[in-house]
Each structure stands twice: as C-alpha cells, then as structure tokens.
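Single-structure report; data block below.
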Amino acid sequence: MSRSAHPAGPRYADVLPEGHYTAPPADLNTLDPRVWSRTVARTTDGAAQVGGLDVRHLAEEFGTPAYILDEADFRARCRAWREAFGEDADVFYAGKAFLSRAVVRWLHEEGLNLDVCTGGELAVALSAGMPAERIALHGNNKSAEEIERAVTAGVGRIVLDSFQEIVRVADIARKHGKRQRVQIRVTVGVEAHTHEFIATAHEDQKFGFSLSGGDASEAVRRVLTLPSLELIGIHSHIGSQIFDTSGFEVAAHRVVGLLKQVRDEHGVELPEIDLGGGLGIAYTPDDDPREPHEIAKALGEIVTRESASAGLTAPRLSVEPGRAIVGPTAFTLYEVGTIKPLEGLRTYVSVDGGMSDNIRTALYDAEYTVALVSRASDAEPMLSRVVGKHCESGDIVVRDAFLPADLAPGDLIAVPATGAYCRSMASNYNHAMRPPVVAVADGEARVIVRRETEEDLLRLDVG
Ligand code: LLP
Numbered sequence: 034m035s036r037s038a039h040p041a042g043p044r045y046a047d048v049l050p051e052g053h054y055t056a057p058p059a060d061l062n063t064l065d066p067r068v069w070s071r072t073v074a075r076t077t078d079g080a081a082q083v084g085g086l087d088v089r090h091l092a093e094e095f096g097t098p099a100y101i102l103d104e105a106d107f108r109a110r111c112r113a114w115r116e117a118f119g120e121d122a123d124v125f126y127a128g129k130a131f132l133s134r135a136v137v138r139w140l141h142e143e144g145l146n147l148d149v150c151t152g153g154e155l156a157v158a159l160s161a162g163m164p165a166e167r168i169a170l171h172g173n174n175k176s177a178e179e180i181e182r183a184v185t186a187g188v189g190r191i192v193l194d195s196f197q198e199i200v201r202v203a204d205i206a207r208k209h210g211k212r213q214r215v216q217i218r219v220t221v222g223v224e225a226h227t228h229e230f231i232a233t234a235h236e237d238q239k240f241g242f243s244l245s246g247g248d249a250s251e252a253v254r255r256v257l258t259l260p261s262l263e264l265i266g267i268h269s270h271i272g273s274q275i276f277d278t279s280g281f282e283v284a285a286h287r288v289v290g291l292l293k294q295v296r297d298e299h300g301v302e303l304p305e306i307d308l309g310g311g312l313g314i315a316y317t318p319d320d321d322p323r324e325p326h327e328i329a330k331a332l333g334e335i336v337t338r339e340s341a342s343a344g345l346t347a348p349r350l351s352v353e354p355g356r357a358i359v360g361p362t363a364f365t366l367y368e369v370g371t372i373k374p375l376e377g378l379r380t381y382v383s384v385d386g387g388m389s390d391n392i393r394t395a396l397y398d399a400e401y402t403v404a405l406v407s408r409a410s411d412a413e414p415m416l417s418r419v420v421g422k423h424c425e426s427g428d429i430v431v432r433d434a435f436l437p438a439d440l441a442p443g444d445l446i447a448v449p450a451t452g453a454y455c456r457s458m459a460s461n462y463n464h465a466m467r468p469p470v471v472a473v474a475d476g477e478a479r480v481i482v483r484r485e486t487e488e489d490l491l492r493l494d495v496g
C-alpha cells in the first residue's frame, strides 16, 4: 500500500506523461555526490546536513528560500584548478557565475585571478581587496566609465571586443599616461554543443573578432600601432556547459595559428593565450563532466604541440572557469507550499521561490534534480514538477523529478548545483526579495549576501 498523502497523484508505475525524466532513482533518499556538494550527507535521523550543519537549523535561522554554499567545496575546486594548471598558467574565476566579497577573498587566498565583465563586478572585486593586476575586464560594450575605472585601478588586462573599443581603451590609457595590457577576443568558429544562448564562438553573434573573416588579424594590426596598448595575447571563449574537450582543442589550435601569423607578419611573439571558461558540470547524474586535470592536460598538450610545430615559444595559458568552480558548491533550500496532484500527469509542488531565484530552467530549458532534505522517506516516488510562486506558468524550477509521495507542506526540499548563474541572475520579479547566500564550513554558517527586505525594495522606489 502506498503511504501517499496525495492518493490522487500519479505514481511512476502508472501512466508516464511526456517529460525529461528517466526512471526514478532506486532510493529517493540518496544524495548523489555527482550533483551535491562535497560535505552534503544525511544525518542519522534522515535530514540532510552540509558543512556539519543540519538543513532544518539553517532554514530556521536564515529562512527559505536560501542558497547554501559549501565553502570547503568551493576552496577545494579552486585548488583543483590551480593544481591542474600549475605554475605556468593562470586561472581566472569568472565572476559572472557568482560574485561576492567573501568569494573574492577565498579566490585571493587560493591563488586564483578574477574575470569581471561590468563595473559592478569590478567594484566588488576591488572592494574585497583583489589586487587589480589579477583582474581581467571583459565585455562587448564596456562603457567609457568602466574602462576608465579599470585603467586607473590598474587591471592586469582588458579584453578588447570591437574596433571602436580598441580606440576607446587606447585613448583612455593615453589620457592617464598608462600603457594598458590588453588581449584581443577572437571568435574561432567552433560550434559548441550547448544551448544557443550560451555558445559564443560561432560567427553570427555579438562577441569578439572573427578569425576566419580577417577581423582578428586587423585588430592585431591596429592594436600594435597604439603605444598606449600592450598586446599580451589572444582570448577565446567558445561557450558554456561543454562536456568534451574537442571544442577547446580546436580553439587552441586556431588561436596558436593566429599567434604564428602575428609572428610572421609583425615579428612579434605574443606571450599569452586565454581559452576562456565553459567546462560543464553535473546538474543531474546523467551529466558526465570533465575534471580540471583532464582539461588542463588536453589544453597543455595541444598548446605545446602546436606552438612547437609553429616554431613559437609556448605562450602562457589562462582559463576562466566560473560554473565549474561555484556551480556544484551550492544548493537552493526551499519550503514546500501547496501541492497539487494532477491525475495522469504529475504533481505540482510549489515552493517559496521560483524563477526569480533560478531563471535557468525557463531560459535554457536547464535540468535539475531535487530531494526532500528535512527528513528521509520511504514513500514511493511521485512524479513531480517543482514550481515557484510567480504569476506565470513558465515559472518552473525543476521540470521533472521524483519526490516521495508523502511530501507535505512545510517539508524542506533542495535543488543541488545552483551555485552558478542562479543568485547572479536572480531578479525581483513580482517584487520577490532575492534570497541570501549562506556560506557553511566546519559547523559554522554565515550570511555572505543577505536576504533582500521590503525596505530594500522600497528604497529603490523613490516615488
Ligand atoms: N569567460 C568568458 C569570457 C565568458 O563569457 C564566460 C561565461 C566565462 C568565462 C565563464 O563560463 P563558465 O565557465 O561559467 O561556463 N548564464 C548562462 C551562462 C552564461 C555564460 C556567459 N559567459 C547559464 O546560466 O548557463
């Protein structure tokens, strides 16, 4: 007999409507280490804990929804990237994935550099004490103010994205009597196998200078004539949530090809290349991401080989992982509200957040998993859709997942792998107040980004 509190709800053994799911996992209580951060485990009474803290206590103290970030896991991933790439390469964490002052300090302590793409990200980085020379500024439409701030702060590199920007950065650097280190961002023509909106190296899009069309070579020519710019290298970012290394290898091959061409044409050997970020993570156990050491090995080998065959000294390599560092380190903790079983379809489980704290499902058709974390349950699996509290039907957090059929209002559920591009893309839609980010480590929790309040909302609304 089912212990279901919702007997009208469909069970997996009954009709299975169209969806992304496969079969329910063998045991719904398992917190699969492929998608949960390192210190997550069940306590003896069945609730989940992270960083030595019971999620029920975290919910009590910090409220829900909340992003719970596993600091030990974050630091371990930073170290894995640093160690994989070694002393001859630089790892720039991509701040767009998630940035806060605590994160900047961790990065600094772990020896990583930082990629920012707006004046806002730059302000956070500088205010938390990241040395400017370890910051790279990106963006396809940097404002004069952003460039000025970066140049005067002394950022280590500005990645140039358009012909107008070459002139703009050169003028601003000259005005301040500086020689700004720059890279040129190229589009290498690789079709990354990922969602269209997060693929960036095909020709028909807004970023960078085309390699095949000759714009990249022309950009090099122009930059080399400008004394206020020091061209240190070429940059390529092929896209995001990528699982195989072949796209990066093709990019490395083509970027080194440009270095050779630059040497042949100008007699200049550019000392650096940056191959961007984009390494995928596991959102569900079906995803099979590459490890940092695999990508480091693949990239290191190809850069060494291609440089040797072109007669070049191998350039210093840098990479810009965002998601692969912070993505797996956090989960979003929600409280279950209304539960609506739909006969023959699925059960809609509403939580106290939604598309305002995770837009990725609606925007990229992203897949997530979910688990009941305030207790264990041996009830049978119930095909569920986790939805938010926003006023539209696209407000879906987890499209298809199995939760125990005895799920009840007040239970806590958690969605893993929400560390990247969830808080950083959160919105105030429907005047929702963005959730806090709570960092946990060694039995201690601290708020690193606080929850928004009604007062915050009203302060911006000046009447
Ligand atoms: N470097 C550059 C120049 C980038 O544009 C990006 C991401 C990265 C590094 C970091 O990529 P990652 O390692 O995090 O994949 N909002 C989307 C992702 C957009 C990524 C934009 N650029 C998402 O939620 O999937």
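If you want the numbering used here, it's the 1-based position in the sequence shown plus 33. Glycine residues also receive a C-beta, built at the ideal position from the N, C-alpha and C atoms.
Check	Outcome
Closer than 8 Å is the cut-off here; do at least three beta carbon pairs connect the region 110–117 with the region 127–135?	no
Taking DSSP as the reference, what is the three-state secondary structure of residue 204?	helix
Indicate whether at least one CB of chain D lies closer than 7 Å to the CB of residue 58.	Given the protein chain composition of this structure (a single chain), no chain D is represented.
When burial is assigned at 16 or more other CB atoms within 10 Å of the CB, is residue 490 buried or exposed?	exposed
Is there contact here, the region 135–153 with the region 370–382, by at least three beta-carbon pairs under 8 Å?	no
Measuring only the C-alpha atoms, how far is residue 460 from residue 98?	14 Å
Do you know whose CA, among 341, 316, 367, 398, lies nearest residue 359's CA?	316
With contact counted as at least three CB pairs below 8 Å, one residue from each stretch, are the region 474–482 and the region 84–104 in contact?	yes
Given the structure, does residue 20 come close to the ligand LLP, in the sense that its CB is under 6 Å from one of the ligand's heavy atoms?	No answer is possible for residue 20: it lies beyond the span of the chain, which begins at 34 and ends at 496.
Whose CA, out of 404, 465, 458, lies closest to the CA of residue 444?	404
Between which two residues does the beta strand (DSSP E) carrying residue 374 extend?	363–374
Does the beta carbon of residue 354 fall short of 6 Å from some heavy atom of the ligand LLP?	yes
Would you kindly work out how many angstroms separate the C-alpha atoms of residue 453 and residue 363, rounded to a whole number?	8 Å
Would the beta-carbon of residue 393 be found less than 6 Å away from any heavy atom of the ligand LLP?	yes
Can you give me the Cβ contacts of residue 467 inside the same chain, cut-off strictly under 6 Å, excluding the 5 residues immediately before and after it?	459, 485
Taking only three categories from DSSP, how would you classify residue 268?	strand
Mark residue 239 as exposed unless 16 or more other C-beta atoms lie within 10 angstroms of its C-beta, in which case mark it buried.	exposed
If we call anything under 7 Å between Cβ atoms a contact, is residue 199 one with residue 256?	yes
On the CB-based measure, 16 or more other CB atoms within 10 Å of its CB, does residue 197 come out buried or exposed?	exposed
Do the region 413–427 and the region 380–394 touch if we need at least three Cβ pairs shorter than 8 Å?	yes
Can you tell me the Cα-Cα spacing of residue 170 and residue 87, whole angstroms?	39 Å
Would you give the residue range spanned by the beta strand (DSSP E) that residue 454 belongs to?	That residue, residue 454, is in no beta strand (DSSP E); it is neither H nor E in DSSP.
Looking at the secondary structure, which residues open and close the alpha helix (DSSP H) in which residue 297 lies?	279–299
Just mark residue 424 as buried or exposed, buried being the case when its beta carbon has 16 or more other beta carbons within 10 Å.	exposed
Going by beta-carbon coordinates alone, are residue 410 and residue 439 separated by less than 7 Å?	yes
Is residue 454 near the ligand LLP, in the sense that its beta carbon is under 6 Å from a heavy atom of that ligand?	yes
Should residue 96 be counted as a contact of the ligand LLP given a C-beta to heavy atom distance under 6 Å?	no
In or out: residue 509 buried (at least 16 other Cβ within 10 Å) or exposed?	The chain is shown from 34 up to 496; residue 509 falls before or after that span and cannot be answered.
Output yes or no for whether 7 Å exceeds the beta carbon distance between residue 118 and residue 148.	no
Since residue 343 is in the alpha helix (DSSP H), which residue starts that stretch and which ends it?	325–343
Under 8 Å Cβ to Cβ from residue 389, same chain only, skipping five residues before and after it: list those, please.	421, 423, 459, 460, 461, 462, 463, 465, 467
Which partner residues of residue 174 appear in the DSSP bridge assignment?	Beta-bridge pairing links residue 174 to no other residue.
Per DSSP, what kind of secondary structure is residue 497 in: helix, strand or coil?	Summary: the structure shown does not reach residue 497, with the chain confined to residues 34 through 496, and so no result is reported for it.
Do residue 313 and residue 274 have their CB atoms nearer than 7 Å?	yes
In the structure shown, what three-state DSSP assignment does residue 37 receive?	Its pLDDT being 42, under 50, residue 37 is placed unreliably by the model, and the measurement read from it follows with that caveat. Of the three classes helix, strand and coil, the one that applies to residue 37 here is coil, per DSSP.
Enumerate in chain order the residues of its own chain whose CB-to-CB distance from residue 318 is below 7 Å, with the five nearest sequence positions on each side excluded.	65, 67, 68
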